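Heads up: the structure comes next, in structure tokens.
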Amino acid sequence: MNHYHNLQVQLEQHTALISLHNPPANTFTREGLMALTQLVHDLNARPEITSLILTGSGQKFFSAGADLQAFASGDKALAREMARRFGEAFEALAAFRGVSIAAINGYAMGGGLECALACDIRIAETQSVLALPEATVGLLPCAGGTQHLSWLVGEAWAKRLILLGERIDAATALRIGLVQEVVDSGMAVERAQQLAALAAKQSPRSLRTCKQLIQGARSQPVQHMLVQEREAFVDLFDGPDQAEGVQAFLEKRRANWSYQ
Numbered sequence: 000m001n002h003y004h005n006l007q008v009q010l011e012q013h014t015a016l017i018s019l020h021n022p023p024a025n026t027f028t029r030e031g032l033m034a035l036t037q038l039v040h041d042l043n044a045r046p047e048i049t050s051l052i053l054t055g056s057g058q059k060f061f062s063a064g065a066d067l068q069a070f071a072s073g074d075k076a077l078a079r080e081m082a083r084r085f086g087e088a089f090e091a092l093a094a095f096r097g098v099s100i101a102a103i104n105g106y107a108m109g110g111g112l113e114c115a116l117a118c119d120i121r122i123a124e125t126q127s128v129l130a131l132p133e134a135t136v137g138l139l140p141c142a143g144g145t146q147h148l149s150w151l152v153g154e155a156w157a158k159r160l161i162l163l164g165e166r167i168d169a170a171t172a173l174r175i176g177l178v179q180e181v182v183d184s185g186m187a188v189e190r191a192q193q194l195a196a197l198a199a200k201q202s203p204r205s206l207r208t209c210k211q212l213i214q215g216a217r218s219q220p221v222q223h224m225l226v227q228e229r230e231a232f233v234d235l236f237d238g239p240d241q242a243e244g245v246q247a248f249l250e251k252r253r254a255n256w257s258y259q
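Last residue of the sequence shown? That's 259 in numbering that gives the first Met the number 0, and every number before it is there in order.
Laid out in structure tokens, this is it:
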């Protein structure tokens with residue numbers, strides 16, 4: 000699966016490892032964003048893939064976001080298309096049916112941080128720097144940054160990062176809940192793989208359903224989601240995972256899930 004523009008893809012068992020690869024800063028291009036959208040759709044069609052890991056190639060950048068040279072001409076049609084491409088890519092990433100993990104291994108700036116925000120879990124190496132500096136150049140985060148950041152860290156910290164353009168280090172990101180774990184330099188992918196291995200132990204149907212319910216809480220009233228939660232619990236009894244999971248537990252063995 001290595002035919003995606005500016006992306007390097009490795010599949011191992013139930014995990015897809017995706018490296019953003021556009022040296023020197025792993026910036027996103029129109030073609031790269033389209034490739035990411037297509038890649039997520041392709042992974043969704045492979046039910047045996049339960050996790051994807053996103054990281055940056057090289058040792059300095061996760062991703063610096065959009066290449067500002069693309070906006071230097073002031074072409075509004077180009078700006079509209081790029082905003083749409085960013086939205087399509089990161090919304091597809093957020094809707095991935097499995098677990099998505101951002102292994103942040105350096106600078107995650109602008110669209111690079113928005114890419115990580117679209118993932119379910121974020122791990123940062125100690126040297127990482129995170130920021131949404133778009134307002135500094137007269138723009139704004141247009142790929143979910145104003146929404147995802149507010150959901151994750153609250154309005155006050157979202158305003159501080161976006162309105163002030165403040166850069167934060169990995170320790171601060173951990174303290175405010177922007178990332179879930181900080182690891183030594185060079186260790187983010189390995190740690191992400193360990194978490195992906197945990198996801199592979201879960202029922203793929205349960206995993207998918209739980210993720211939909213958790214994310215549904217962002218936009219739906221709790222009374223509605225509580226009903227959905229109960230209905231989804233009963234629906235899981237129609238599939239093979241529940242019977243296999245209970246039997247595996249009773250027999251003290253690992254479950255053999257059905258990937259369909």
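From the three backbone atoms N, C-alpha and C, an ideal C-beta is built for every residue, glycine too. Keep in mind that this is a model prediction, so the values were computed, not measured.
Can you check which of these residues, LEU112, GLU133, VAL178 and LEU10, is closest to ARG45 by C-alpha distance? Checked all of LEU112, GLU133, VAL178 and LEU10; the closest Cα to ARG45 is LEU10.
When the Cα atoms are used, what is the spatial distance from LYS200 to THR54? Straight-line Cα distance between these residues: approximately 23 Å.
Does the segment 126–138 come into contact with the segment 153–169, if we say contact requires no fewer than three beta-carbon pairs (one atom in each stretch) closer than 8 Å? With the cut-off at 8 Å, the segment 126–138 and the segment 153–169 touch.
Given ASN21 as reference, the closest of GLY31, GLU124 and LEU35 once Cα atoms are compared: Of the listed residues, the one whose Cα sits closest to ASN21 is GLY31.
According to DSSP, is GLY55 part of a helix, a strand, or is it coil? Here GLY55 carries a strand assignment [DSSP, helix/strand/coil].
Are the beta-carbon atoms of HIS4 and ALA34 separated by less than 8 Å? Between HIS4 and ALA34, the CB-CB gap stays under 8 Å.
Work out the CA separation of LYS251 and ALA195 for me, nearest whole Å. C-alpha separation (whole angstroms): 22 Å.
Comparing alpha-carbon positions, which option in ASP183, GLY137 and ASN104 lies nearest LEU162? The alpha carbon of LEU162 has as its nearest neighbour, out of ASP183, GLY137 and ASN104, the alpha carbon of GLY137.
Exposure of ARG96, with buried meaning 16 or more beta-carbon neighbours within 10 Å: So ARG96 ends up on the buried side.
Looking at SER257: is its Cβ nearer than 8 Å to the Cβ of ASP237? No.
Under 8 Å, with one C-beta from each stretch per pair, do the segment 79–90 and the segment 151–162 reach the 3-pair mark? No, the segment 79–90 is not in contact with the segment 151–162.
Expressed to the nearest angstrom, what Euclidean distance is found between the alpha-carbon atoms of GLN12 and SER50? In this structure, the CA atom of GLN12 is about 10 Å from the CA atom of SER50.
Could you check which residue in LEU6, SER202, THR14 and GLU47 has the C-alpha nearest to that of GLN37? Minimum Cα distance to GLN37 is reached at LEU6.
In terms of alpha-carbon separation, which member of GLY109, ARG159 and THR14 lies closest to PHE60? Closest by alpha carbon: GLY109.
Endpoints, alpha helix (DSSP H) assigned at VAL245: It spans 239–249 - the alpha helix (DSSP H) in which VAL245 sits, taken as one unbroken run.
For THR135, which option in HIS147, LEU160 and LEU177 has the closest C-alpha, if you only look at C-alpha atoms? With distances taken between Cα atoms, THR135 lies closest to LEU160.
Return the bridge partner residues of ILE103 from the DSSP annotation. According to DSSP, ILE103 bridges with ALA123.
Which same chain residues end up closer than 7 Å to VAL182 when comparing Cβ atoms and leaving out the 5 residues on each side of it in sequence? ILE122, GLU124 and ARG190.
Whole angstroms is fine: what's the gap from ALA115's alpha carbon to CYS141's? Computed Cα separation, rounded: 14 Å.
What are the start and end residues of the beta strand (DSSP E) that includes ALA62? Checking the sequence shown, residue 62 turns out to be Ser, not Ala. SER62 -> beta strand (DSSP E) spans 60–62.
Could you have a look at LEU131 and say whether DSSP puts it in helix, strand or coil? LEU131 falls in the coil class under three-state DSSP.
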